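Peer 1: The structure's right below; bear with me while I get my questions together.
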Amino acid sequence: MAYDEEGEAGRPEPPDGDDAAVQAQSQRRIRSAEQASASEEDEFRYHTGTIHADEAPDEIEFIDVHKSFGRNHVLRGLNMGLPAGKISMIIGPSGTGKSVCIKHIVGLLYPDEGDVIVQGHSVPSLRDADLFEMRKKFGVLFQDGALFGSLNLYDNVAFPLRQHTEKGEEEIAEVVNRRLREVGLADANEKMPNELSGGMRKRAGFARALVLEPDIVLFDEPDSGLDPVRTALLCELIKEVHAENGGCYVVITHDIMSARRVAEHISVLWKGRIVESGPAQDLFASENPFVRQFLSGQAAGPLGME
Ligand SMILES: Nc1ncnc2c1ncn2[C@@H]1O[C@H](COP(=O)(O)OP(=O)(O)OP(=O)(O)O)[C@@H](O)[C@H]1O
Ligand SMILES: [Mg+2]
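Here the sequence shown is numbered in my numbering, starting from 302 and rising by one per residue.
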């Protein structure tokens, strides 16, 4: 643009001898503009955006979402659908915006552009009171279980019931004990969070996320900080509880083994956009070099240390 304007402004003709220099300079400018758009294209060359169809409708949808923190453009035109009734996984390298996605789903962050739709409602346009109602439909398991340090295990799990329902203590006890049994913590009722191991804290967080019988359960890295055996057990637990209760489960992980164990639907997120998404078996059979590298956990491939 700057080049065109200069050209049209009719600068005095340079003396003959400089003709070649001016031409060379303009060529350089054109080349650098081409390179800029080529590098953008290059950056997203693995982002085919291929969406393998899933038979279930989307419970959660990101539509052209952009989100920046200062100059850090994290979500860069994200289009992602998470199907109803399935266990979906969002996987991708560290710092790519996975946790930021979860925060958009529950309305803790708002998009700069685009929309986030949950069960047909635009989350960013909900009024506070409606957002509060909507949040009752979510069970969220944060990375460390996020238990209240001053409450014992029983009271932690009972907390959402006491806050959001009119249930009496007898009914609450029935729900809490059932959930604690389900996650194998029936005997740890009285324990304080700091007396629990990391794996126990996660299971307790899971129990608490389930007490309101949520339609949507969001797990942010349920497997981080757990040894491989406990990770496998937690994956089994997620599958069992899902089989029994149903609902839209969204699990964020970088653990490929966890993805193989529990994912029914996979979205591969990188640089703030979907590389490819669809039913797990389609993703594990993908020809995309980035998807293949990431799902096989190999060092060689498009993803390097950035
Ligand atoms: N509230 C915030 N304010 C400023 N920057 C933020 C905020 N939340 C996230 N970010 C930035 O957004 C980017 C994506 O962060 P996010 O936590 O979503 O990554 P992630 O994919 O979950 O990574 P990891 O796998 O390591 O958990 C990071 O560069 C992070 O620094
Ligand atoms: Mg994260």
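Heads up, the beta-carbon is just placed ideally off N, CA and C, and yes, glycines get one too.
This one's a predicted model, so the numbers in the text were calculated from it and none came from an experiment.
Exposed or buried, which one is residue 347 when buried takes at least 16 other CB atoms within 10 Å?
Peer 2: With a threshold of 16 other beta carbon atoms within 10 Å, residue 347 meets it and is buried.
Peer 1: Whole beta strand (DSSP E) runs in the stretch 486-558 with 3 or more residues, listed along the chain?
Peer 2: 517-521 and 549-554
Peer 1: Would you mind stating whether residue 576 and residue 391 have Cβ atoms separated by less than 9 Å?
Peer 2: no
Peer 1: Measure the alpha-carbon distance for residue 307 versus residue 321 and round it to whole angstroms.
Peer 2: At residue 307 the pLDDT is 41, less than 50, meaning the model places this residue with poor confidence; the figure from the coordinates comes in the next sentence. C-alpha separation (whole angstroms): 17 Å.
Peer 1: Straight-line CA distance for residue 359 to residue 463?
Peer 2: 31 Å
Peer 1: Given this structure, state the Cα-to-Cα distance separating residue 303 from residue 521, to the nearest angstrom.
Peer 2: Reliability fails at residue 303, whose pLDDT of 41 lies under 50, so the model's placement of it is uncertain and the value that follows must be treated cautiously. Cα to Cα, residue 303 sits roughly 47 Å from residue 521.
Peer 1: If we call anything under 9 Å between Cβ atoms a contact, is residue 513 one with residue 542?
Peer 2: Contact: no.
Peer 1: Mind checking whether residue 626 and residue 591 have CB atoms under 9 Å apart?
Peer 2: There is no way to answer for residue 626, as the model of the chain reaches only from 302 to 607.
Peer 1: Output needed for residue 403: all residues of its chain with C-beta closer than 6 Å, excluding positions within five of it in sequence on either side, in chain order.
Peer 2: If you ignore the 5 residues before and after residue 403, its C-beta comes within less than 6 Å of the C-beta of 519 and 521, all in its own chain and listed in chain order.
Peer 1: Which residues does DSSP pair with residue 410 in a beta bridge?
Peer 2: DSSP, once it has assigned bridges, lists no residue as partnering residue 410.
Peer 1: Put residue 404 into one of helix, strand or coil per three-state DSSP.
Peer 2: helix
Peer 1: Who does residue 381 pair with in a DSSP beta bridge?
Peer 2: 363
Peer 1: Look at the alpha carbon of residue 368 and the alpha carbon of residue 395, and state the distance between them as a whole number of angstroms.
Peer 2: 17 Å
Peer 1: Would you kindly check if the distance between the Cβ of residue 379 and the Cβ of residue 398 is under 9 Å?
Peer 2: Yes. Within cutoff.
Peer 1: Could you pull the DSSP bridge partners for residue 580 from this structure?
Peer 2: 566
Peer 1: Is it true that the CB of residue 365 sits closer than 9 Å to the CB of residue 416?
Peer 2: yes
Peer 1: For residue 554, which residues in the same chain have their Cβ closer than 7 Å to its Cβ, ignoring the five residues on either side in sequence?
Peer 2: 390, 392, 522, 524 and 560
Peer 1: Nearest-angstrom Cα distance between residue 343 and residue 588?
Peer 2: If you take the alpha carbons of residue 343 and residue 588, they lie about 18 Å apart.
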